[in-house]
Structures are given as C-alpha cells and as structure tokens.
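Input: a single structure, listed below in structure tokens.
Protein chains: 2
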Amino acid sequence: MTKATIDDVAELAGVSMKTVSRVVNQEPNVRAATREKVEAAIKTLSYRPNQSARNLASLHAHLIALIYDDPSAYDIPSSGYVIRMQQGTLRACRKADYELLIHPCNYRNKDLDTEIGALIEQARPAGIVLAAPLSNMSKIVRSIEATGTPFVRLSPGAQRSKQLAISTNDREVSAEMTRYLASLGHQRIAFIAGHKSHKAVANRLLGYQDGLEQSGLRFSEDLVVQGDNSFGSGLEGAHKLLERKTPPTAIFAANDDMAVATIRVADSLGIKVPSQLSVAGFDDIALARQVFPSLTTIRQPLSKMSERAAESLIKGKNNGSSDTEVEIVPATLMIRESTGPTPD
Amino acid sequence: MTKATIDDVAELAGVSMKTVSRVVNQEPNVRAATREKVEAAIKTLSYRPNQSARNLASLHAHLIALIYDDPSAYDIPSSGYVIRMQQGTLRACRKADYELLIHPCNYRNKDLDTEIGALIEQARPAGIVLAAPLSNMSKIVRSIEATGTPFVRLSPGAQRSKQLAISTNDREVSAEMTRYLASLGHQRIAFIAGHKSHKAVANRLLGYQDGLEQSGLRFSEDLVVQGDNSFGSGLEGAHKLLERKTPPTAIFAANDDMAVATIRVADSLGIKVPSQLSVAGFDDIALARQVFPSLTTIRQPLSKMSERAAESLIKGKNNGSSDTEVEIVPATLMIRESTGPTPD
DNA sequence: GTGAAAGCGCTAACAC
DNA sequence: GTGTTAGCGCTTTCAC
Chain P
124 MTKATIDDVA ELAGVSMKTV SRVVNQEPNV RAATREKVEA AIKTLSYRPN
174 QSARNLASLH AHLIALIYDD PSAYDIPSSG YVIRMQQGTL RACRKADYEL
224 LIHPCNYRNK DLDTEIGALI EQARPAGIVL AAPLSNMSKI VRSIEATGTP
274 FVRLSPGAQR SKQLAISTND REVSAEMTRY LASLGHQRIA FIAGHKSHKA
324 VANRLLGYQD GLEQSGLRFS EDLVVQGDNS FGSGLEGAHK LLERKTPPTA
374 IFAANDDMAV ATIRVADSLG IKVPSQLSVA GFDDIALARQ VFPSLTTIRQ
424 PLSKMSERAA ESLIKGKNNG SSDTEVEIVP ATLMIRESTG PTPD
Chain Y
124 MTKATIDDVA ELAGVSMKTV SRVVNQEPNV RAATREKVEA AIKTLSYRPN
174 QSARNLASLH AHLIALIYDD PSAYDIPSSG YVIRMQQGTL RACRKADYEL
224 LIHPCNYRNK DLDTEIGALI EQARPAGIVL AAPLSNMSKI VRSIEATGTP
274 FVRLSPGAQR SKQLAISTND REVSAEMTRY LASLGHQRIA FIAGHKSHKA
324 VANRLLGYQD GLEQSGLRFS EDLVVQGDNS FGSGLEGAHK LLERKTPPTA
374 IFAANDDMAV ATIRVADSLG IKVPSQLSVA GFDDIALARQ VFPSLTTIRQ
424 PLSKMSERAA ESLIKGKNNG SSDTEVEIVP ATLMIRESTG PTPD
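Residue numbers (the numbering used here), protein chains in the order written: chain P, 124 to 467; chain Y, 124 to 467.
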C-alpha cells in the first residue's frame, strides 16, 4: 500500500487539491457539503499530510522548538523541570498537529546565539519556547528576534522584548509562603537565595522580604545566604545558617534542591524537621514528595506555562495579533511535612 | 539578507547543484579541490541546507524519533531515565545534523500501534529508537516493522526481531556487585529479587548467584526474598530479612526503589548503614544520590545505549548493512556510602 | 467558494 | 568525477 497523497484525496472527493488543503488546514471558504465530502475521502484513504512537503511549501515547518538550558549537561538533578516543560509544550503541539523539537543547550556556551541561529535556519520552527534562564539573556533574545521567528519567553526577569512572556507569580507566592511560615509562629525565617542571574529566582527573594514585612517581621541580611540553585550550594548555605549561635527556626530555600540539601544538613546535625526546624522549597520537583519528611514547597505551573506558550505561538499564526504582554500563571503552595509550628 | 540556497553556493563555487549536495552530504566522488572550493563558498554565504527541502526530496526526514513510555503521565518519578535517553540520542543526532523528535506515550494505551503508525507516516523519521518496555511489546514492534522504518530496541527482553537491539550486561554487572560486597568481607549477602516478568531484572538474580559462586560463597534460597520492584515490596522484603535471628550483613536489591526501602527499614530498626548493614541497588535513579547514606548502586548506561542506537540508525543508512544483533553496553558500579566492610 | 499554475530547495536517477 | 533533468507533496498566489 502506497501512501495516499493530497491528489488522491482530491480525485476521490471530486474537488481540487487546494480545496483538500483548505479542509486539512481548517481554512474558511469551504462549503459544509464540500468539506464533508473531502473529510470522507480523507477517511477512506486514511490520508495523512506529509509534514515534510507542508514544511517546504510553507514559510516554516509545523514544528515548535523548545530551547532550554540543560542542567544535566554539567550538573545532575532537576530533570523534572525539563520533563514538565516538555509535557506542556507537547500537549499544545499535539492538539494542533505540530511536532516538538527539543534543543537543550548550555547557557554558558559562548556561541549559543550562533547555535540557535543555525537551529532556526535549518529547522525553521513556527515558533520558539525559550525557557529561563535563557529567556533573560539579551544576546539570545536578540539573535532570535533577528530571525523574525515568533517566540515566547518563560519566566523572563525583565520584559524588554515585545514578544509575549509567560511568568508565574514568584514574588507573590514567595511572600505567601513566608507569611505561612510566620503564621506558624516562626520569627527567625532564613532564606537561601538562588542563582543571581536567574531573575525569576531573584524575585523569590523579594517575595520573601515582602512576606516578612507583611507579617510584621524585620528583614535582616544575616538571615539570607547566597546559593546557586545547586544541591551543593544548599548544603553549604544550610550549614552556615544552622551552625550559628541563634539559628533560624525556619529556612525557605529558593528552590527544592537547596531545600532538600537543608533537610539533609539538619539531619546530620541532629536537628529534627519539622519539630525543631521548618524547611520550605520552591519548584515541587519529584524528590520533594520522596524525601522524609516530605517537603513543603511551591508548585510552579511549568507544564501549564509551557503549554500556554506553545499554544499562543501556534494560534498567533492564525490571529496575526501578537499579544505583546505578560501572562501570569499562578503557582500554588504545597504544604507537606517539612513545616510545622515553631519549637517552644 | 535572504537565505542562501544550494543554487547560490553552486554558482559561487562554479559547480553544479548536485556537487554541492555531494559535499554537504559527505558523499564520495568529489575531488578534493572541488570539495574545498564548495566548502569555501558555503562558508562565505554561511549556507545551511534547508531541512524541509531535504526531507521532502529524500525518502524520509533527517530526524530520529525517540519513542518511550512516559511514566510521569500516570506516575511520578524516574524522569532521569527519560532525560538520559534523550541526551544520548541527541548526541548522536547532533553529530550527523539530524533532529530529534520525542514521542512520550502511555504503554497502556490501546491504540498505541495506530498512534505510532501515524507518527511515522507524518514525520517519516529516518529511524526510531524504541525504549523498554515498549521494545518488548510485539504489537508495537510489528506495527513499526510494517512501515519499514529502521528501528533499534533498547533493553528488549526477548530478541525476536531481526533489528538491532542494545542491552546492558545486567547479569555480569550484578555478579560484579556481589563480588564487591564479598570482597568487603560479607558472607551473608541477601538479595531482594525484582518482578519476575521483567527479563532484564530476572538476570540480576542470576548475576547475584554467579557472583556468590565466583566469591566462593554458597547460594541459599533463604537469602533471597521476592519483591516486585516497588518501594513497598522493598519494605516488606527488608523486614523479612532483617528480623531474622541471623540477619544478612549486606542486602543487594534488584532495583534502587527496593534498596532505598531497605535503608529506610534499617533506619527504623536502629540498624546503622553501612557500619552494620551494607545496601546496594541497581539503576542509579536520582534518589540514589540524594538519600542518606547515598546509595551504592549500578548505573545503567542509558545515555550511551541510546546514543549507540541512534548512531547505528544514522549510519545504517549509509551502510545498508543492518546489524541484526544485540549490542551490549556495560553498566558500571557506583560505589557510594551505603556499603562498607562487614561489622566485626 | 473553488481551481490552475507555479514553485518551496533539495535529492534521485541517470547521463556524460 | 560531475552535471542534467525531474520530481518529492504540499501551499501559495491569483484567477474565476
């Protein structure tokens, strides 16, 4: 059985190639009766459009590129982050019969702009979902802009581009977590900050400050240690905090890897979580559920965010209207076992 | 700047389109001097072949499809598994300028064969990397075979197909782990077996027996408890083993989930790991590094396996020689904190 | 609303 | 070794 082409369908339905094309692409200007005839023919021949042919004939391929920094290229964990972004993007792609091309890369690579330029030229994606921290890097953003390919940035720190950006309410939800900790009676709530260049992560620190203030607690530099999002930096930061004469009774880490590291340090120091120390994280990685005690954290709607990004890229084609704004998908607190009332 | 096409390059180099094509595709029958001229022209014009055009003109797209069961679709953990496969496949793809299309799916889906058939027809991949447990499902294998698309199976239990399969040396490396435990002085080394229907996992039990023998230790049914790969069955098995009058001094579990459960049980029983009990697992899941004490385990060379798979798919094109065999990529022991010398 | 013609930029088959 | 000639199967004009 040789594959059916658009011509076969056109012939069977007694219409022209173009009409079939219209039906397949859900374009207007087809009478309902004609449409049905064509659809019937498509069914009998079990016709599937050849993507390669489509791609060549149109200005770009029916394909969305998801570009992200791949931590596992130089560090190990946080694959859940990647998986969830892929899942969301895939959902949007499948709905519209787009393919997904993934392009993990190293944000430290000097030639990243060239690399991405080449990707765009070769694969000609209909749109690009650009994940943080790449979405903050002006060199990258500019190099994509230069190609004219529509793109959506995920969690960009600053909003310089005219393109749509999708963010979560890092700052507000971090304030919420801080207020929650304060509501448990904690007065000395410490914060392990994340990588400075990651703007969204920086917002978590601001949210922590907001939360303190909203709870009537004073912010103090002493309660903040700098990490870099890695498990190792979490170990280090937690040690610094917990070995003080008056250690904090709660530690809020800017991501889960560092929060889990904090639990580990507490354990090694004989500090009981949550009865002697409350620990909260951010991201809700798979591990958060698996550690003991399970981690109170914030669930980033990564999958939803990337889905919305891909959706808008795909829709944008039909609309022609570029949204030019920031869309917020709210995060939610996941209260688990690692947080509890202040020790007496 | 409008994109350079193959014609532009041909003109600048003073050769025909086809010669440029030969150079780009590294085909033979081009004189060195000609090749250089063409390469120079490519450089000056910074020409990049348009994938869509290539794909249409050739029988299939320059693209490898990675098809795997997506546990996170209905269960939570093991995203590391997916990421590592993606990484390996990507490495091979980038070397040869192929793109990677990912197709996570649910192995329980009734229409999976149709779904994959549609994927192949639409995207026309040059080859397919089929991950376990899909690689064991004859319905899937047959539906791919029917399309004539070359594919490579990862860790298939049985080898029915004539296509290449890539596996790891479960049995040999399990023997190695057992010998390692014996070399630490352990005499009573217990084994928590995995799900019986999973062939690769069953091989681990055989390897354990081999290892005992090679170390001059006697195998005894008493030292083996049956698990089913789940954390829960690990808890159960560990309890059985550790509550004996003469408990083992080392426990080797057929996978990491059961090994982590064993550590948990030891902890709850006040048995110190590794000073009183050594624990080893298999798989090197992310959690292995994150539990305390971190787990000695066996790292499946997933990334290498999928890389080899994609490589052979890409090469196979040029060779025309289908390998028709099973290739073994050896696994490696990851010695961490959960194993140590026998207690006195 | 529908159709005819003209490519998209490359590779394949075969000539030379 | 190299060039020529046809398409690959669609989408895009632009007629009607």
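Note that beta-carbon positions come from the ideal geometry of N, C-alpha and C, so glycine has one too. Fair warning: this is a prediction, and the values are worked out from it, not measured in the lab.
Beta-carbon proximity check, residue i vs residue j, cutoff 8 Å
i, j, result
"residue 277 of chain P", "residue 289 of chain P", "yes"
"residue 217 of chain P", "residue 430 of chain P", "no"
"residue 251 of chain P", "residue 272 of chain P", "yes"
"residue 301 of chain P", "residue 375 of chain P", "yes"
"residue 221 of chain P", "residue 260 of chain P", "no"
"residue 472 of chain Y", "residue 246 of chain Y", "Only positions 124 to 467 of chain Y appear in the structure, and residue 472 of chain Y is not among them; the question remains open."
"residue 335 of chain Y", "residue 462 of chain Y", "no"
"residue 401 of chain P", "residue 307 of chain P", "yes"
"residue 364 of chain P", "residue 394 of chain P", "no"
"residue 436 of chain P", "residue 249 of chain P", "yes"
Cβ of residue i within 8 Å of any chain Y Cβ
i, result
"residue 416 of chain P", "no"
"residue 245 of chain P", "yes"
"residue 149 of chain P", "no"
"residue 263 of chain P", "no"
"residue 464 of chain P", "no"
"residue 233 of chain P", "no"
"residue 198 of chain P", "At residue 198 of chain P the pLDDT is 48, less than 50, meaning the model places this residue with poor confidence; the figure from the coordinates comes in the next sentence. No, residue 198 of chain P lies away from the interface with chain Y (no Cβ there is under 8 Å from its Cβ)."
"residue 387 of chain P", "yes"
"residue 205 of chain P", "yes"
"residue 390 of chain P", "yes"
"residue 458 of chain P", "no"
"residue 227 of chain P", "yes"
"residue 268 of chain P", "no"
"residue 329 of chain P", "no"
"residue 468 of chain P", "Look at the range of chain P in this structure, 124 to 467, and you will see that residue 468 of chain P is not part of it."
Neighbourhood of residue i by C-beta distance below 6 Å, restricted to the same chain and skipping five residues each side
i, result
"residue 356 of chain Y", "350"
"residue 258 of chain Y", "276, 277 and 279"
"residue 129 of chain P", "140 and 143"
Same chain, Cβ closer than 8 Å to residue i, neighbours up to 5 away in sequence not counted
i, result
"residue 168 of chain P", "127, 131, 132 and 135"
7 Å CB neighbourhood of residue i in its chain, flanking five on each side removed
i, result
"residue 414 of chain P", "383 and 386"
"residue 242 of chain Y", "188 and 226"
"residue 423 of chain Y", "291, 406, 407 and 454"
"residue 460 of chain P", "397, 416 and 417"
"residue 371 of chain Y", "311, 312, 313, 346 and 364"
Minimum Cβ-Cβ distance from residue i to chain P less than 8 Å
i, result
"residue 259 of chain Y", "no"
"residue 461 of chain Y", "no"
"residue 312 of chain Y", "no"
"residue 178 of chain Y", "yes"
"residue 413 of chain Y", "yes"
"residue 171 of chain Y", "yes"
"residue 297 of chain Y", "no"
"residue 144 of chain Y", "no"
"residue 434 of chain Y", "no"
"residue 224 of chain Y", "yes"
"residue 213 of chain Y", "yes"
"residue 425 of chain Y", "no"
"residue 410 of chain Y", "yes"
"residue 126 of chain Y", "yes"
"residue 184 of chain Y", "yes"
Reduced DSSP category for residue i - H, G, I as helix; E, B as strand; rest coil
i, result
"residue 455 of chain Y", "strand"
"residue 303 of chain Y", "helix"
"residue 241 of chain Y", "helix"
"residue 107 of chain Y", "For residue 107 of chain Y there is no data in the structure shown, the boundaries of chain Y being 124 and 467."
"residue 147 of chain P", "helix"
"residue 396 of chain P", "coil"
"residue 219 of chain Y", "coil"
"residue 176 of chain Y", "helix"
"residue 250 of chain Y", "strand"
"residue 287 of chain Y", "coil"
"residue 153 of chain Y", "coil"
"residue 401 of chain Y", "strand"
"residue 460 of chain P", "coil"
Any non-hydrogen atom of the ligand ATP within 7 Å of residue i CB
i, result
"residue 243 of chain P", "For the structure depicted, the ligand ATP is absent and the ligand set is empty, with no information on it obtainable."
Open item on the list: To test your reading of the DSSP string, which unbroken beta strand (DSSP E) runs of 3 or more residues are found completely within the segment 346-388 of chain P?
Closed with: 347-349 and 373-376
- [ ] Could I get the ranges of all uninterrupted alpha helix (DSSP H) runs contained in the segment 403-433 of chain Y, with 4 residues as the minimum, in chain order?
- [x] 409-413
- [ ] Any chance you could list the beta strand (DSSP E) runs of at least 3 consecutive residues sitting entirely within the segment 255-281 of chain Y, in chain order?
- [x] 274-277
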